[in-house]
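Peer 1:
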Amino acid sequence: MRNRGYKVFKLFLCLLLIFFIVIGPYYLVTYRPHDVDYNKENDEQQWTGVISFWDYPRLDQKTGTNFGWIYEKIRAFERANPGVYINFRPLNWEKGPIQVDTAVKMGNLPDIVPIGSDYSIISRDVLEPLDQYLTVDEIKDFRENALKSVKYDSKIYGVPWMMTTYTMVLNLDLFSERGVMPPENGDWTYEEFVDKMQALTFDSKGNNKIDHYGFNSFIQPGYYNVWGILLSDGAKVFNHKMQYSFNDDKALSGVQKLIDLKTQYSIVHPDFGVNNSNKSWTNFYKDKNIAAYPVGTWSLNVLDGLQKEGTGFNYAIAKFPSGKLGKSVTLSNMIGSYGMSKQEDRQKAEIIVKFLKFLVKDEYQQNLTRLGVFPARKSIGNIYADDPNMTMIYEDLENANVIFDHPYWKEIDEILQREIQQGVIGNKSAQEVLRDAEEKVTILLNRLGN
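Read in order, the letters of the sequence shown are residues 1 to 450 in this note's numbering.
This is how it looks when you write it as structure tokens:
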């Protein structure tokens, strides 16, 4: 009985073996498993981890906060890329540049750096060139002056996301009160500007004490509010060989024009030259005793908000007064751009660039109206079609000169601004300003071996 059962079992195994021999090849051909390339799967798997990111405040008209716009974009990117987290550190305009400069020197920059158009960062070999990550079409779509601000030695070191410039904001209530017509289409010569500012400098109380002024501003390194006047006769700080050239008759004329506003025509606030940005801005928007004030376009959102609250005033914008150059010019460092610090992990670098491109997608470029600034991409067009003031600025953006791509511009800028300040407050003549500035710049460049 046991032998019979054993024989049956052997027969079953033989039949099963024959079945697999006959059917097996057909099964393998029909249901062949897919080849798995484990290396390829690893390559396609997206990097996950933390990306560090620093940035400066930008007043968001929609939320009334300084970082609302960028926080929205960070959260949206994190949702779209599970496992990627943006560690954001808010900076302020006073101490932020010092913190970034210290991080450059110490070698501990965040992954994403707010470089703007700061060549002291771009030229230090601490950022990754981004050319390999950008397509030809993407590069061509950036505005030329925005792209120029992030290029050094023919390489691209940042992704521009916004740009703005300085404009002259006019208190139309004061113009109306004094019977002064604002410049037609925002255009005026230096002489026309002076005539109108003289009419807008007056004693409102009849006590023989001037308390309203045609013009006000401030002079400070890193700010270029008054450079539209300094460059109006065609002066250049550097020639085409990047040699210092702010020492000719055109520069002398521009500096003299700025000094004359205070010393000859007496049309500026008495604190012009010694005040700071906050004080001069307060004189304009709160004290309302300044008729014309040069400022960034972000200010228009603030003025609109004050109007809605019933505490503002009617305003318009104008271009900087033209000189011998024959057109209005500005000098601006108001390019918003982000660079990527040196990365060892290529996959992480690709995710960082993915985020930078995410920030300049069509939708986000179009809602820059919330910040009162302009898109860095040409294809977006005019996002202020219903706003005549911003449209005028948009159409004039091509005349906005970006600060100079000199590796020591920050140091040269400080020398120039301090010397010009001495001229405005009456301590030096225009000739002395240029002479002393050139001497100090020469010493600086010789010391640095440039």
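Note that beta-carbon positions come from the ideal geometry of N, C-alpha and C, so glycine has one too. All of these numbers come straight from a predicted model, not from anything done at the bench.
#1: Could you tell me the distance, in whole angstroms, from the CA atom of R143 to the CA atom of V373?
#2: Which whole runs of the alpha helix (DSSP H) in the region 297–376 are 4 residues long or more, in chain order?
#3: Please state whether DSSP places P183 in a helix, a strand or coil.
#4: What first and last residue would you give for the beta strand (DSSP E) that runs through N278?
#5: Quick one: measure Cβ to Cβ for V486 and W54, integer angstroms, because I've assumed they're closer than 8 Å.
#6: Can you tell me where the beta strand (DSSP E) with M163 in it begins and where it stops?
#7: Roughly how many angstroms separate the alpha carbons of D187 and Q198, rounded to a whole number?
#8: What are the residues that DSSP puts in a beta bridge with G49?
#9: Restricting to runs no shorter than 3 residues, where is the beta strand (DSSP E) found entirely within the region 203–260?
#10: By the 10 Å Cβ neighbour count, where 16 or more other Cβ atoms means buried, how is H212 classified, buried or exposed?
#11: Measuring from the CB of H269, is there a heavy atom of the ligand ADP at a distance below 8 Å?
#12: To the nearest angstrom, how far is it from the Cα of F238 to the Cα of N207?
#13: Spatial neighbours of K196 within its chain, please: CB distance less than 6 Å, with the 5 preceding and 5 following residues excluded, ordered by chain position.
#14: With distances taken from CA atoms, which of S123, N108, D118, K148 is nearest E398?
#15: Is the Cβ-Cβ distance between D118 and K327 less than 9 Å?
#16: Would you report the Cα separation of D173 and S204, rounded to the nearest angstrom?
#17: Where does P294 fall in DSSP's three states?
#18: Under 8 Å, with one C-beta from each stretch per pair, do the region 260–275 and the region 209–224 reach the 3-pair mark?
#19: Quick one: what does DSSP say H406 is sitting in, helix, strand or coil?
#20: Would you identify the three-state DSSP class for W69, choosing helix, strand or coil?
#21: Run the CB neighbour count on K62, radius 10 Å, all protein chains shown included, and call it buried at 16 or more, exposed below.
#22: Can you tell me where the beta strand (DSSP E) with I121 in it begins and where it stops?
#23: I'd like to confirm the pairing. Which residues does DSSP put opposite M486 in its beta bridges?
#24: Using the C-alpha atoms, what's the distance from N389 back to Q264?
#25: Return the CA-CA distance between Q365 and M163, expressed in angstroms with no decimal places.
#26: So G116 and S337 are in contact, right, with Cβ under 8 Å, and what is the actual spacing, rounded?
#27: Taking the beta carbon of Q422 as the centre, do at least 16 other beta carbons fall within 10 Å, making it buried, or is it exposed?
#28: What is the DSSP secondary structure of P57, counted as helix, strand or coil?
#29: May I have the straight-line CA-CA distance separating K348 from K357, to the nearest angstrom?
#30: Can you say whether Q256 is buried or exposed, counting buried as having 16 or more other CB atoms within 10 angstroms of its CB?
#31: Using a Cβ-Cβ cut-off of 7 Å (strictly less than) and excluding sequence neighbours within five positions of P407, which residues of its own chain qualify?
#32: If we ignore side chains and look at the alpha-carbon of each, how far apart do V268 and S341 end up?
#33: Quick check on the burial criterion: 16 or more other C-beta atoms within 10 angstroms. Buried or exposed for L434?
#34: Quick check on the burial criterion: 16 or more other C-beta atoms within 10 angstroms. Buried or exposed for N87?
Peer 2: Walking through what the data contain:
#1: Taking the sequence shown and counting its residues from 1, one reaches residue 143 at position 143. Taking the sequence shown and counting its residues from 1, one reaches residue 373 at position 373. Looking at the two C-alpha atoms, the distance is approximately 14 Å.
#2: 298–309, 346–359, 362–366
#3: As a first step, residue 183 is located in the sequence shown; it is residue number 183 there, counting from the start. Looking at P183 - three-state DSSP - the assignment turns out to be coil, as it is neither helix nor strand.
#4: Walking along the sequence shown from the start, residue 278 turns up at place 278. Run containing N278: none in the beta strand (DSSP E); it sits in the alpha helix (DSSP H), 277–285.
#5: Summary: the structure shown does not reach residue 486, with the chain confined to residues 1 through 450, and so no result is reported for it.
#6: Within the sequence shown, numbered from 1, the residue matching residue 163 stands at position 163. Run containing M163: 159–163, per the beta strand (DSSP E) assignment.
#7: For the purposes of this step, residue 187 is taken as residue 187 along the sequence shown, with counting starting at 1. For the purposes of this step, residue 198 is taken as residue 198 along the sequence shown, with counting starting at 1. Their backbone Cα atoms lie some 17 Å apart in a straight line.
#8: As a position in the sequence shown, residue 49 is number 49, starting the count at 1. DSSP lists V84 as partners of G49.
#9: 213–215
#10: Here residue 212 corresponds to residue number 212 of the sequence shown, with the count starting at 1. With 16 or more other Cβ atoms within 10 Å, it is buried.
#11: This structure does not include the ligand ADP; it has no bound ligands of any sort.
#12: In the sequence shown, residue 238 corresponds to position 238, counting from 1. In the sequence shown, residue 207 corresponds to position 207, counting from 1. Cα-Cα distance, rounded: 48 Å.
#13: Translated into the one-based positions of the sequence shown, residue 196 becomes position 196. Contacts found: V180.
#14: Taking the sequence shown and counting its residues from 1, the one referred to as residue 398 is at position 398. Nearest of S123, N108, D118, K148 to E398, Cα basis: K148.
#15: Residue 118 sits at position 118 when you count from the first residue of the sequence shown. Residue 327 sits at position 327 when you count from the first residue of the sequence shown. Not a contact, by the Cβ cut-off of 9 Å.
#16: The count along the sequence shown starts at 1 and reaches residue 173 at position 173. The count along the sequence shown starts at 1 and reaches residue 204 at position 204. Near 14 Å, if we compare the C-alpha coordinates of S204 and D173.
#17: If you number the sequence shown from 1, residue 294 lands on position 294. Reduced to three states, the DSSP call for P294 is strand.
#18: yes
#19: If you number the sequence shown from 1, residue 406 lands on position 406. Three-state result, H406: coil.
#20: Here residue 69 corresponds to residue number 69 of the sequence shown, with the count starting at 1. Helix.
#21: Within the sequence shown, the letter at position 62 stands for residue 62. So K62 counts as exposed.
#22: On the sequence shown, position 121 is the one that residue 121 refers to. Counting along the chain, I121 falls outside any beta strand (DSSP E), though it belongs to the alpha helix (DSSP H) covering 119–122.
#23: Nothing about residue 486 can be read from this structure; the chain reaches only from 1 to 450.
#24: The sequence position of residue 264 within the sequence shown is 264, counting from 1. The sequence position of residue 389 within the sequence shown is 389, counting from 1. One C-alpha to the other measures close to 31 Å.
#25: As a first step, residue 365 is located in the sequence shown; it is residue number 365 there, counting from the start. As a first step, residue 163 is located in the sequence shown; it is residue number 163 there, counting from the start. Using only the alpha carbons, I get a separation of about 11 Å.
#26: Along the sequence shown, one-based indexing puts residue 116 at 116. Along the sequence shown, one-based indexing puts residue 337 at 337. About 6 Å separates the two Cβ atoms, so the contact holds.
#27: Residue mapping note: residue 422 aligns to position 422 of the sequence shown, counting from 1. The residue in question, Q422, is buried, as its Cβ has 16 or more Cβ neighbours within 10 Å.
#28: Locating residue 57 in the sequence shown gives position 57, where the first residue counts as 1. The answer is coil: DSSP assigns P57 none of H, G, I, E or B.
#29: Residue 348 sits at position 348 when you count from the first residue of the sequence shown. Residue 357 sits at position 357 when you count from the first residue of the sequence shown. The alpha-carbon atoms of K348 and K357 are separated by roughly 14 Å.
#30: Counted from its first residue, the sequence shown places residue 256 at position 256. Burial call: buried.
#31: Here the question's residue 407 lines up with position 407 in the sequence shown. Cβ neighbours of P407 beyond the five flanking positions: Y119, S120, S123.
#32: The sequence position of residue 268 within the sequence shown is 268, counting from 1. The sequence position of residue 341 within the sequence shown is 341, counting from 1. Roughly 44 Å separates the two Cα atoms.
#33: By 1-based counting over the sequence shown, the position of residue 434 is 434. So L434 counts as buried.
#34: Numbered from its first residue, the sequence shown carries residue 87 at position 87. The residue in question, N87, is exposed, as its Cβ has fewer than 16 Cβ neighbours within 10 Å.
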